[in-house]
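Numbering (my numbering), first residue to last: 55 to 186. To start, the structure itself, in structure tokens.
Here you go:
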């Protein structure tokens with residue numbers, strides 16, 4: 055199970071709104087974060103999965119889902135999230151800053167995530183007003 059609320063929220067928005075995303079979403083309960091690789095300009099999150107994830111393997115084997123932006127009042131960053139699937143299974147998530155700022159070496163606590171792909175539902179998840 056994915057422990058990070060931040061990563062879970064990103065995946066929730068990426069896997070919403072189209073047939074490929076919705077069918078892939080069934081894999082989430084069988085995934086966990088295996089490794090975080092911070093690059094300075096972003097982070098790669100590699101996922102581990104149980105055998106049960108294969109029961110929800112997508113027909114399209116190798117593809118990318120993208121179209122979620124990340125903004126934060128904690129850091130002056132603007133980011134883009136991209137999910138990569140390999141052999142029909144969620145493989146890794148890339149979050150990268152496109153405004154030239156350094157990405158923090160930890161999960162964001164205050165953030166606003168927005169669906170931005172063409173014909174997306176346009177949903178947003180924000181923790182900006184939530185106090186921690």
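Quick reminder that beta carbons are idealized off the backbone N, C-alpha and C, glycines included. Just so we're clear, the structure is a prediction, and the values are computed from it rather than from any experiment.
Taking residue 66 as the reference, which of 114, 92, 176 has the closest Cα?
176
Cβ-Cβ separation, residue 87 to residue 59 (assumed contact under 8 Å), whole Å
So it is not a contact: roughly 12 Å between Cβ atoms.
Every unbroken alpha helix (DSSP H) inside the region 63 to 94 [4 residues or more]:
73 to 78
Below 8 Å between beta carbons: does that hold for residue 118 and residue 136?
yes
Might you give, ordered along the chain, the residues of its own chain that have their beta carbon closer than 6 Å to the beta carbon of residue 155, omitting 5 neighbours on each side?
130, 131
Please classify residue 157 as buried or exposed, where buried requires at least 16 other C-beta atoms within 10 Å of its C-beta.
buried
Looking at the structure shown, is residue 160 part of a helix, part of a strand, or coil, going by DSSP?
coil
Buried or exposed: where does residue 152 fall if 16 or more other Cβ atoms within 10 Å of its Cβ makes it buried?
exposed
Let's see if you can read the secondary structure: which residues bound the beta strand (DSSP E) around residue 116?
Note, residue 116: premise wrong, no beta strand (DSSP E); not H, not E.
Euclidean distance between Cα positions of residue 108 and residue 78:
11 Å
Using C-beta distances below 7 Å, list every residue in its chain close to residue 166, excluding the 5 sequence neighbours before and after it, in chain order.
125, 178, 180, 182
Buried or exposed, going by whether 16 or more other CB atoms sit within 10 Å of the CB of residue 75?
buried
Quick check: what's the CA-CA separation for residue 91 versus residue 62?
17 Å
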